[in-house]
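Working notes, structure below.
Numbering (the UniProt record's numbering), first residue to last: 1 to 610.
Here is the structure:
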């Protein structure tokens, strides 16, 4: 396999040759030609009649050696085979499209369609077998629940529990050339030995220094305040994870056999996938992807909590203001696992925080740029004119090292990046606003954490205040910082979102207080009414509807005697009359007795009526 330098030169030479050939070749007026700078531009200028004539021929022209073997007999004259004839014959009218366009079309097909398409011709067999096509189909079908089987096509079509021990059979296809497909294949198969060492002529000031035995004050004065990166060699070696070797491949699979870990691969909806470590390490050991899947899993309480016991935050980073947010705090610590060729493209850490990255297994190559330089080559920056938010995308690490890194050797020293290779048991400090890219040279396991402290607070707060989806977090963070560190808050301007949120919370607090006051008044009124109703002087007699049948009958049979009201004089006369009547009754005749009985019955009837 050619070296990256040869690959880089061949790409340049190939582009120059194709461009010059296309410039000297007249284009068909009826065809739409791609850009002359495209490696496949010459395919669009081929004569359709010539292609049809060549396709009608059953066999290619025999070579001179074949004629000699046949006794010198020459066959009928046959047109010379054109360049890339297998592609021309196999694609038909689609040959006018560049390879990347064909791949874009094939991405619209289902797995069954790709299998059938591979039987059409050798050219379609090559295109329909391309790994990225089947990777998308596999993710769409299985999400993160798959067992890699050497190729994405096998992984998609075969059940997870089934495997084929035979090696993947390769079919030779002569007469086919594709610079596009070759570049993808090369990036997925190039030896990592070409990147495993820094350039021998790299001066020391362009390398990240290694230090040990630093005190906290020395670290702050020499690296935090000047905003410079550094590698610490005596921190990780004190952790339980290092001493007990509990973060190796075998140990992690044994400790967390079924725990899902988040990877950087997304589905069609943009959601991150989860994989078990057993499935992921199986994928790492066999994949030939140019940009392999990368475990980048946030660490929090309910996901592998035992990992949090295996390390501790280095004493050089005592401040962590984001901890004031509590449950509103964004993700800030991750376990990072990746195979060779995996990594992170150039980026700035979220909210322009600083970070430390500790490596427990493997080797990582770092390329970093200081804040005073423009974004590195290969990084596209897009700034929103209305909001001022900046979005950027970078090339995959393997692409950057093959196609951009050779160019920086000719740059001025001041524009050259700072590099280092992080070894096992080391930790790197990356200050705020430093562009950095990470390239895994071997299988790696690391832990990283972002933080906000006194030295990067202004940059972090300004970037945090721009985040539209984090308004509640900004308000809570601001409130806590105003109480804890008013000196730092005096250096920044509170955003409009803070004041809007504060006014909203103020109104909500007033409404809450008013509701509590109203509830208290209602409660007090209820208590007073209850006390009044229960008073002995104000009892409401029960209604007849509230009584049962027995109580009603008892009430009906109850006789209530109400004595008549009379004056005292009348009362004396009644008593004298009563005495005289008694005398008459005792000594009188029968007529008087009957009259007395009649009066007695009358009184009895009156009492009953009352």
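Glycine included, C-beta positions come from ideal geometry on N, C-alpha and C. Keep in mind it's a predicted model, so treat the numbers as computed, not measured.
- Short of 6 Å from the beta carbon of residue 281, and not among the five residues preceding or following it, lie these beta carbons of its own chain, in chain order: 249.
- Per DSSP, the beta bridge partners of residue 297 are 335.
- If you draw a straight line from the Cα of residue 201 to the Cα of residue 121, it comes to about 50 Å.
- The beta carbon of residue 241 sits closer than 7 Å to the beta carbons of 247, 310, 311, 360 from its chain, once the five residues preceding and following it are set aside; these are given in chain order.
- Burial state of residue 140 is exposed, judged by a 10 Å Cβ sphere holding fewer than 16 other Cβ atoms.
- The three-state reading of DSSP puts residue 205 in helix, counting H, G and I together.
- Residue pairing from DSSP places residue 347 in a beta bridge opposite 436.
- Cα atoms of residue 409 and residue 396: separation of roughly 19 Å, rounded to the nearest angstrom.
- In this model, residue 511 and residue 476 are separated by some 20 Å (Cα to Cα).
- Counting the other CB atoms within 10 Å of its CB gives residue 436 a total of 16 or more, which places it among the buried residues.
- In the three-state reduction of the DSSP assignment, residue 409 falls in the coil class, being assigned neither a helical nor a strand state.
- With contact defined as three or more Cβ pairs closer than 8 Å, the stretch 293-307 and the stretch 327-344 are in contact.
- Residue 465 counts as buried, since no fewer than 16 other beta carbons sit within 10 angstroms of its beta carbon.
- One Cα belongs to residue 196, the other to residue 158, and the distance between them is close to 36 Å.
- Taking a contact to require three or more Cβ pairs closer than 8 Å, the stretch 449-466 and the stretch 484-499 qualify as touching.
- At the C-beta level, residue 431 and residue 354 come within 8 Å of one another.
- Between residue 236 and residue 426, the beta carbon gap of about 7 Å places them in contact (Cβ cut-off 8 Å).
- Bounds of the alpha helix (DSSP H) holding residue 112 are 111-117.
- In this structure residue 188 is not in contact with residue 328, their Cβ atoms being roughly 41 Å apart against a cut-off of 8 Å.
- In the three-state DSSP reduction, residue 98 falls in the coil class, being neither helix nor strand.
- The alpha-carbon separation between residue 177 and residue 286 amounts to approximately 26 Å.
- Inside the stretch 243-270, DSSP marks whole alpha helix (DSSP H) runs of 4 or more residues at positions 249-255, from first to last along the chain.
- The three-state secondary structure of residue 380, taken from DSSP, is strand.
- Contact annotation, residue 363 with residue 422: C-beta distance approximately 7 Å; criterion of less than 8 Å satisfied.
- Contact check for residue 160 against residue 145 passes: the beta carbons are separated by less than 8 Å.
- Residue state for residue 214 is assigned as coil, using DSSP reduced to three classes.
- The C-beta distance from residue 229 to residue 434 rounds to 7 Å, short enough to fall under 8 Å.
- In the DSSP assignment, residue 365 falls within the unbroken beta strand (DSSP E) covering 364-369.
- By the CB criterion at 8 Å, residue 463 and residue 351 fall inside the cutoff.
- Going by DSSP, residue 354 is part of the beta strand (DSSP E) stretching over 354-361.
- DSSP places residue 151 outside any beta strand (DSSP E), giving it a letter other than H or E.
- The C-alpha of residue 269 is placed about 34 Å away from the C-alpha of residue 429.
- According to DSSP, residue pairing for residue 284 in a beta bridge does not occur.
- DSSP, read as helix, strand or coil, puts residue 392 in strand.
- Ranked by how close their Cα comes to the Cα of residue 316, the residues 170, 218, 490, 448 have 218 in first place.
- Linking residue 214 to residue 357 through their CA atoms gives a straight-line distance of about 18 Å.
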